[in-house]
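Residue numbers (our numbering), protein chains in the order written: chain F, 2 to 300; chain Y, 5 to 257.
Heads up, the beta-carbon is just placed ideally off N, CA and C, and yes, glycines get one too.
Shown next, in structure tokens, is the structure this report addresses.
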């Protein structure tokens with residue numbers, strides 16, 4: 002293939018879906034080899050492959066497709082049937098579907114569903130976190146246009162990755178106010194009177210301080226209007242241990258109310274960073290004395 | 005326990021006038037047996053909550069019987085005379101139609117509508133309020149309606165989106181079954197919103213009226229291949245702010 006761009010990509014982008022389908026169909030009738038070469042060209046994006054699937058079927062080209070394209074077509078068929086694809090080695094193809102397809106998000110509902118499901122498979126099945134910035138880009142771009150975001154938002158936080166919070170915090174600085182509002186909603190914070198930059202800085206600081214103790218809850222807009230996709234494990238923060246067992250019992254701490262637990266956890270976390278010796282001394286005190294000291298300090 | 009004003013209420017006396025085994029009696033006895041206290045400013049306020057909860061249950065049954073279909077948001081559909089489908093798949097009330105008539109149309113022409121379970125819950129609340137408020141008040145309070153999920157809720161109903169651990173589980177509560185290991189390509193099965201119909205029965209749109217075990221089984225059947233966590237019933241519940249809705253009702257009447 003000569004030139005910088007793929008001809009079918011160019012036609013679709015310049016003249017639209019119909020023109021691209023018609024050109025490809027004509028080519029299949031008269032220059033089948035060229036049609037196959039164009040469709041298997043590495044520069045072809047998923048959106049173009051997707052719109053040409055009916056023509057590929059019409060001319061029985063499936064056996065001539067590259068392994069990647071073949072897998073992509075099979076993945077699309079599974080998703081249309083709402084079945085989890087059972088093919089092996091699909092992670093790379095899913096990444097290609099998502100990253101190259103993200104540029105054409107909004108092509109049609111079925112296409113967007115495939116994009117959402119590719120993201121879902123990559124995160125839920127392959128625990129792939131490289132794609133989080135792409136997923137965020139799609140969420141916020143759709144949000145700006147009023148598109149459907151809720152499945153993707155759910156998937157994004159299903160990654161249970163702190164990176165998801167850092168990326169979302171970055172959108173607090175967006176020029177698009179609708180996206181700033183969404184970022185606030187997802188981070189569960191209120192508008193800061195001191196401005197976007199201060200809001201971002203505060204959030205970033207919060208993530209930095211708490212990241213070992215952040216837990217993802219799985220809450221989403223299907224469950225609640227104020228989903229809390231993540232939360233702080235206060236007991237973990239109090240003990241300054243990121244991997245405490247669920248069975249770890251500290252009856253004196255467990256019996257406190259949420260506000261007292263949070264106060265103790267915040268103070269303990271800060272003291273731990275400042276001086277390990279002081280922290281050890283603090284932890285040896287009775288819980289009432291700890292709470293008094295923490296309240297005095299944090300007041 | 006129930007208090008009216010500052011006085012503990014006599015549960016038996018409150019139940020007078022309601023038939024044996026009625027939803028109303030179950031609500032009152034549930035409140036009375038709760039560990040926490042249900043506080044009301046007046047008997048009318050208590051009766052309003054009992055009445056609205058009962059209508060939530062009735063509306064859930066009515067929506068179940070309306071034959072409204074289940075569809076994911078991208079494939080949702082509505083009667084275009086009353087509603088406009090948004091890009092997200094929600095339904096926005098058309099201008100110059102009565103909100104009351106538009107809500108009632110969902111119950112009478114259910115086959116023309118298809119949506120997800122969260123939207124169905126919101127329709128149940130509007131259906132119940134249409135009954136309790138009547139056309140004139142309903143139309144004036146809910147002049148703009150956007151039906152979708154908990155992301156878009158009228159300010160008068162915002163509490164239906166907040167899930168909290170309740171003092172007691174009562175008929176009319178919204179509950180949730182969560183499916184942590186859902187099949188990645190069927191995210192609509194990641195959970196099911198339910199309305200407590202009493203006697204261990206729940207309404208969940210798209211599945212039907214069953215015990216919670218049936219909903220759990222349905223969600224478990226839609227998990228990913230290597231799933232290791234089962235779907236489970238959450239301990240939280242959501243309700244409208246009955247006191248606020250009563251305030252609107254009282255000012256009108």
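Terminal residues of the beta strand (DSSP E) in which residue i lies
{"i": "residue 216 (chain F)", "result": "215-217"}
{"i": "residue 44 (chain Y)", "result": "42-44"}
{"i": "residue 233 (chain F)", "result": "231-233"}
Coil, strand or helix - residue i by DSSP
{"i": "residue 83 (chain Y)", "result": "coil"}
{"i": "residue 179 (chain Y)", "result": "strand"}
{"i": "residue 66 (chain F)", "result": "coil"}
{"i": "residue 88 (chain Y)", "result": "strand"}
{"i": "residue 34 (chain Y)", "result": "helix"}
{"i": "residue 108 (chain F)", "result": "coil"}
{"i": "residue 237 (chain Y)", "result": "strand"}
{"i": "residue 155 (chain Y)", "result": "coil"}
{"i": "residue 242 (chain Y)", "result": "strand"}
{"i": "residue 215 (chain Y)", "result": "coil"}
{"i": "residue 7 (chain Y)", "result": "strand"}
{"i": "residue 250 (chain F)", "result": "coil"}
{"i": "residue 245 (chain F)", "result": "coil"}
{"i": "residue 132 (chain F)", "result": "coil"}
{"i": "residue 54 (chain Y)", "result": "helix"}
Any chain Y beta carbon closer than 7 Å to residue i
{"i": "residue 223 (chain F)", "result": "yes"}
{"i": "residue 147 (chain F)", "result": "yes"}
{"i": "residue 153 (chain F)", "result": "no"}
{"i": "residue 177 (chain F)", "result": "no"}
{"i": "residue 116 (chain F)", "result": "no"}
{"i": "residue 229 (chain F)", "result": "no"}
{"i": "residue 267 (chain F)", "result": "no"}
{"i": "residue 216 (chain F)", "result": "no"}
{"i": "residue 92 (chain F)", "result": "no"}
{"i": "residue 126 (chain F)", "result": "yes"}
{"i": "residue 27 (chain F)", "result": "no"}
Residues that residue i bridges to, as DSSP identifies them
{"i": "residue 73 (chain Y)", "result": "Y:118"}
{"i": "residue 227 (chain Y)", "result": "Y:186"}
{"i": "residue 198 (chain Y)", "result": "Y:179"}
{"i": "residue 97 (chain Y)", "result": "Y:87"}
{"i": "residue 205 (chain Y)", "result": "Y:202"}
{"i": "residue 150 (chain Y)", "result": "Y:96"}
{"i": "residue 140 (chain F)", "result": "Per DSSP, none; premise fails for residue 140 (chain F)."}
{"i": "residue 12 (chain Y)", "result": "Y:7"}
{"i": "residue 168 (chain Y)", "result": "Y:241"}
The alpha helix (DSSP H) enclosing residue i, as first and last residue numbers
{"i": "residue 197 (chain F)", "result": "197-211"}
{"i": "residue 338 (chain Y)", "result": "The requested residue 338 (chain Y) is not part of the displayed model; chain Y covers only 5 to 257."}
{"i": "residue 93 (chain F)", "result": "92-103"}
{"i": "residue 194 (chain F)", "result": "No alpha helix (DSSP H) holds residue 194 (chain F); DSSP gives it neither H nor E."}
{"i": "residue 278 (chain F)", "result": "277-285"}
{"i": "residue 155 (chain F)", "result": "151-159"}
{"i": "residue 188 (chain F)", "result": "178-188"}
{"i": "residue 102 (chain Y)", "result": "Residue 102 (chain Y) -> no alpha helix (DSSP H), and no H or E assigned at all."}
{"i": "residue 55 (chain F)", "result": "47-59"}
{"i": "residue 305 (chain F)", "result": "Because chain F spans 2 through 300 in this model, residue 305 (chain F) falls outside it and cannot be assessed."}
{"i": "residue 34 (chain F)", "result": "33-41"}
{"i": "residue 14 (chain F)", "result": "8-16"}
{"i": "residue 145 (chain Y)", "result": "139-145"}
{"i": "residue 167 (chain F)", "result": "163-171"}
{"i": "residue 294 (chain F)", "result": "288-299"}
CB contact below 7 Å: residue i versus chain F
{"i": "residue 148 (chain Y)", "result": "no"}
{"i": "residue 237 (chain Y)", "result": "no"}
{"i": "residue 165 (chain Y)", "result": "yes"}
{"i": "residue 77 (chain Y)", "result": "yes"}
{"i": "residue 173 (chain Y)", "result": "no"}
{"i": "residue 91 (chain Y)", "result": "yes"}
{"i": "residue 209 (chain Y)", "result": "no"}
{"i": "residue 248 (chain Y)", "result": "no"}
{"i": "residue 87 (chain Y)", "result": "no"}
{"i": "residue 136 (chain Y)", "result": "no"}
{"i": "residue 40 (chain Y)", "result": "no"}
Integer Cβ distance of residue i from residue j, believed to fall under 8 Å
{"i": "residue 187 (chain Y)", "j": "residue 85 (chain F)", "result": "5 Å"}
{"i": "residue 61 (chain Y)", "j": "residue 176 (chain Y)", "result": "6 Å"}
{"i": "residue 136 (chain F)", "j": "residue 153 (chain F)", "result": "6 Å"}
{"i": "residue 122 (chain F)", "j": "residue 95 (chain F)", "result": "6 Å"}
{"i": "residue 265 (chain F)", "j": "residue 295 (chain F)", "result": "5 Å"}
{"i": "residue 52 (chain Y)", "j": "residue 256 (chain Y)", "result": "That pair is no contact at about 12 Å."}
{"i": "residue 34 (chain Y)", "j": "residue 172 (chain Y)", "result": "5 Å"}
{"i": "residue 106 (chain Y)", "j": "residue 86 (chain Y)", "result": "4 Å"}
{"i": "residue 52 (chain F)", "j": "residue 22 (chain F)", "result": "6 Å"}
Residue i: CB within 6 Å of a non-hydrogen atom of the ligand NAD
{"i": "residue 49 (chain Y)", "result": "Within the structure as shown, the ligand NAD is missing, as the structure has no ligands at all."}
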